[in-house]
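Here's the structure, in structure tokens; my notes come after.
Number of protein chains: 2
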Amino acid sequence: MQKMTESLTPKEVRLKIRKGEITGQTSGMCPGYAQANLVVLPKDLAYDFLLFTQRNPRSCPLLEVTDLGSPYTKFIADADIASDIPKYRVYKEGELTDVLTDIHDIWQDDFVAFLIGCSFSFEEALLEDGIPVRHIEEGRNVPMYNTSIPCTSAGVFHGNMVVSMRPIPHEMVPRAVLITGEMPRVHGAPVHIGDPEAIGIRDLSHPDYGDMVTIKEGEVPVFWPCGVTPQNVIMNTKPDIAITHAPGHMLITDTLNTRLKY
Amino acid sequence: MQKMTESLTPKEVRLKIRKGEITGQTSGMCPGYAQANLVVLPKDLAYDFLLFTQRNPRSCPLLEVTDLGSPYTKFIADADIASDIPKYRVYKEGELTDVLTDIHDIWQDDFVAFLIGCSFSFEEALLEDGIPVRHIEEGRNVPMYNTSIPCTSAGVFHGNMVVSMRPIPHEMVPRAVLITGEMPRVHGAPVHIGDPEAIGIRDLSHPDYGDMVTIKEGEVPVFWPCGVTPQNVIMNTKPDIAITHAPGHMLITDTLNTRLKY
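First to last, the protein sequences are chains A and B.
With the numbering used here, the residue at position 97 of the first sequence is 97, and numbering never jumps.
With the numbering used here, the residue at position 243 of the second sequence is 505, and numbering never jumps.
Shown next, in the form of structure tokens:
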């Protein structure tokens, strides 16, 4: 699938997704272009969530918010987010009730869509600098953990930060900090380096989400704020309805990763 | 006044302001600490305005939003923004109706306060680098201009960007870009360098707000996004009520300017 899409533009890939010709994960598609997490909420929760992202920019770096009732993004991509994402999850009162490949049939006039930056963007920058990204090497999902780091509450939304972990050779840690620190719109610099227990992670070998990866001799576990944080925080409030992308099934934007630096 | 307050902490200065012992401009007070612009709006406009700041982060870099109905900031300063600012302007349907030194008497349960970054912070960084800031040298207000650069609309809010202008010796322009570019939460890098007409400014010698300053031989007019933009955009919509700080009479925060870099 990756090979098939390598020469296509983001717009062309989104059209294939829209037609149902691509339904799988988007990892590795359209190298160089940012991919985004999706959260759809009804308007009555949108203000509190928008404020939550403002107060927690590290875990919730907002790339775009659609106009009230509109499924169309205008800035990061010329996209219809109700059909241009391969797979959606529908949650009612915090419970997963449906997995769909198109959400136009259930779209509501009071929906607002939030597009949130994704660590795919900074992983590309790390690899370009020769810094290994273990879960990519091992063909796994990045390991993610609940932490004791509180998010800043906003209205009904509150909870702790979720982090992703990448083992980094100790001599490469400063460069990994600098490279990701230059990209605040896709989570930015690590939130913690080295001691899982200091941020409330008791067992590194059992991630709360994703898969464990090998930590080699001479490597340090480095923790970045993770885009699962906003999804977790939303589900905690058990909203009547919320829709997200399915993990790994992202919106491929028209925005170059290099544009997320400033 | 500046001398009197030089050794005081931001908290101590805010208390003097709260008691009415300081009612003048805050320029130069508490060097090293960020000062912030204030906009207060009723809740029914708050979502659109919050979205406007998200879509226009260069002209509206949001430092904090208070909880619904609360005049207390919790993050950038331990402040009561209804009394800790020396002077307020009250606008009804877009018209200035009152200038007050305390707004508790007119505070409403549905008010939300927005604190927006201010170029005072990056001017300090320019001066520290030996780059002249002409309006400070000449004891004037910074010259500001309406431009033809459209802001990105959000709900009821739309309009063009207002910019501030500082003449910079041409050999110092790159450093001025780098230094301010490191501080995106206080407007960041310039939006334009050199040609006023290219951004719709016809007569540099007649600023739309503030005072003209001398442009010397070998200097280039450099334009930064300006915090007057959000005030202008709000007044265009003629809201029932809106409250702002009076020009130059800012909230002095507990946040060091250096903390606005990342």
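Each residue gets a CB set at the ideal place from its N, CA and C atoms; glycine is no exception.
This structure is a prediction, so every number in the text was calculated from the model and none was measured.
Partners in chain B for glutamine 54 of chain A, counting only beta-carbon separations shorter than 9 Å: In chain order: Leu312, Thr315, Gln316, Leu324, Glu326, Val327.
May I ask you to report which of helix, strand or coil DSSP gives glutamine 264 of chain B? Caution is warranted here: a pLDDT of 48 is assigned to glutamine 264 of chain B, below 50, making its placement in the model unreliable, and the coordinate value is therefore given only provisionally. Of the three classes helix, strand and coil, the one that applies to glutamine 264 of chain B here is helix, per DSSP.
Please confirm if tyrosine 72 of chain A has its CB atom under 7 Å from at least one CB of chain B. Tyrosine 72 of chain A does not count as touching chain B.
In chain order, what residues of the region 284-311 of chain B put their CB closer than 7 Å to some CB of chain A? Listed by position, the residues of the region 284-311 of chain B near chain A (Cβ gap below 7 Å) are Ala308, Tyr309.
Relative to the alpha-carbon of leucine 522 of chain B, which residue among B:Leu312, B:Pro323, B:Thr285 has its alpha-carbon at the smallest distance? Per the Cα distances, B:Pro323.
Assuming the contact rule is C-beta atoms closer than 8 Å, alanine 296 of chain B and asparagine 519 of chain B should be a hit. Round their C-beta distance to whole Å, please. Between asparagine 519 of chain B and alanine 296 of chain B the Cβ distance is about 5 Å, and since that is below 8 Å, they are a contact.
Distance, Cα to Cα, aspartate 240 of chain A vs aspartate 48 of chain A? Answer to the nearest angstrom: the Cα atoms are 15 Å apart.
Suppose you measure from the CA of aspartate 306 of chain B to the CA of leucine 466 of chain B; what does that come to, to the nearest Å? Rounded to whole angstroms, the gap between the alpha carbons of aspartate 306 of chain B and leucine 466 of chain B is 38 Å.
Straight-line gap, glutamate 399 of chain B to threonine 442 of chain B (C-alpha atoms, nearest Å): Roughly 19 Å separates the two Cα atoms.
CB-CB length for glutamate 326 of chain B against phenylalanine 337 of chain B, believed under 8 Å: Indeed they touch by this definition, with Cβ atoms about 5 Å apart.
Enumerated in chain order, which unbroken segments of the alpha helix (DSSP H) with a length of 4 residues or greater are wholly contained in the region 176-221 of chain A? Entirely contained in the region 176-221 of chain A, not one alpha helix (DSSP H) run reaches 4 residues.
Bridge partner(s) assigned by DSSP for lysine 92 of chain A: Beta-bridge pairing links lysine 92 of chain A to A:Glu95.
Please classify valine 99 of chain A as buried or exposed, where buried requires at least 16 neighbouring CB atoms within 10 angstroms. Valine 99 of chain A is exposed by the Cβ-count criterion.
DSSP three-state assignment for valine 13 of chain A, whether helix, strand or coil: Valine 13 of chain A sits in a helix when the DSSP states are folded into three classes.
Nonlocal neighbours in the same chain, by C-beta distance under 7 Å from isoleucine 116 of chain A, ignoring five residues either side: Setting aside the 5 residues that flank it on each side, isoleucine 116 of chain A is surrounded in the same chain by Ala36, Asn37, Val39, Cys60, Pro61, Leu62, Leu63, Gly227, Pro230, each with a C-beta closer than 7 Å to its C-beta; the list follows chain order.
Taking the alpha carbon of methionine 406 of chain B as the reference point, which residue from B:Val475, B:Asp372, B:Ala339, B:Glu390 has its own alpha carbon closest? Of the candidates B:Val475, B:Asp372, B:Ala339, B:Glu390, the one whose C-alpha sits nearest the C-alpha of methionine 406 of chain B is B:Val475.
Alpha carbon to alpha carbon, how far is phenylalanine 122 of chain A from methionine 161 of chain A? Give it in angstroms, no decimals. Taking the straight line joining both Cα atoms gives about 19 Å.
Touch check for the region 128-135 of chain A and the region 77-96 of chain A: three-plus C-beta pairs under 8 Å? Result no; under three Cβ-Cβ pairs closer than 8 Å.
Would isoleucine 252 of chain A pass as a contact of cysteine 30 of chain A if the rule is Cβ separation under 7 Å? Yes.
Once DSSP output is grouped into helix, strand and coil, what is the label at phenylalanine 49 of chain A? Of the three classes helix, strand and coil, the one that applies to phenylalanine 49 of chain A here is helix, per DSSP.
In the DSSP assignment, the beta strand (DSSP E) including glutamate 171 of chain A goes from what residue to what residue? Boundaries cannot be given for glutamate 171 of chain A, as no beta strand (DSSP E) includes it and DSSP labels it neither H nor E.
For my contact list, phenylalanine 223 of chain A and valine 163 of chain A are in at a C-beta cut-off of 8 Å; report their separation, rounded to the angstrom. The distance from the Cβ of phenylalanine 223 of chain A to that of valine 163 of chain A is about 4 Å, consistent with a contact at the 8 Å cut-off.
DSSP state of phenylalanine 114 of chain A mapped onto helix, strand, coil: DSSP places phenylalanine 114 of chain A in strand when its eight states are reduced to three.
Buried or exposed: which applies to glycine 294 of chain B, given that a residue is buried once 16 or more other Cβ atoms fall within 10 Å of its Cβ? Its Cβ having fewer than 16 others within 10 Å, glycine 294 of chain B is exposed.
From A:Gln108, A:Phe157, A:Pro167, pick the residue whose C-alpha is nearest to that of asparagine 236 of chain A; which is it? Distances from the alpha-carbon of asparagine 236 of chain A to those of A:Gln108, A:Phe157, A:Pro167 put A:Phe157 closest.
Beta-carbon within less than 7 Å of glutamine 264 of chain B's beta-carbon, same chain only, minus the 5 sequence neighbours each way: which residues are those? Its pLDDT being 48, under 50, glutamine 264 of chain B is placed unreliably in this model, and the coordinates cannot settle the point.
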